[in-house]
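Each residue of the sequence shown is one higher than the one before, counting from 0 in numbering that gives the first Met the number 0. One structure below.
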Amino acid sequence: MRAAFTSRSWVVPQAKAGRILTIRPHHDLLAAARRQAATDPDWQADYRRWRPPVEHAVAWLVHHGNRKLRYRGTIKNDTWLHTRAAALNLRRLINLGLTRTNGTWHLAPVNT
């Protein structure tokens, strides 16, 4: 396959209408990050450590009716998500035994 180069774009002549592939300015950074993800054992260990809890948190939010955004605009949705996450975290802590006495918060000790 032959490709014609024009600045940072490729024109592939075999496509009927001629496809244009544009190479974005951050392409080199993304390629380096993918290369690191594929070869760096420390990166892979961190990924294996942190991905499951993040996936679990997202799945939990989605399961509890938070699949769709409620508002238009990034700022309002960001505020809603932080408020919702704080409320869910507070509810979880209360279920784990969080109490307030004399103006101080206490979490019940774990019985093992």
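Think of the CB as a built atom: it goes at the ideal place given N, C-alpha and C, for glycine as much as any other residue.
Straight-line gap, residue i to residue j (C-alpha atoms, nearest Å)
i, j, result
"A36", "N94", "38 Å"
"D41", "H105", "37 Å"
"H62", "Q43", "28 Å"
"N47", "T103", "Reading off the sequence, residue 47 comes out as Arg, not Asn. Each residue's alpha carbon lies about 37 Å from the other."
"H81", "H55", "17 Å"
"A107", "R99", "11 Å"
"L28", "N101", "53 Å"
Distance CB(residue i)-CB(residue j) smaller than 9 Å
i, j, result
"L97", "L87", "no"
"N76", "R69", "yes"
"L60", "R91", "no"
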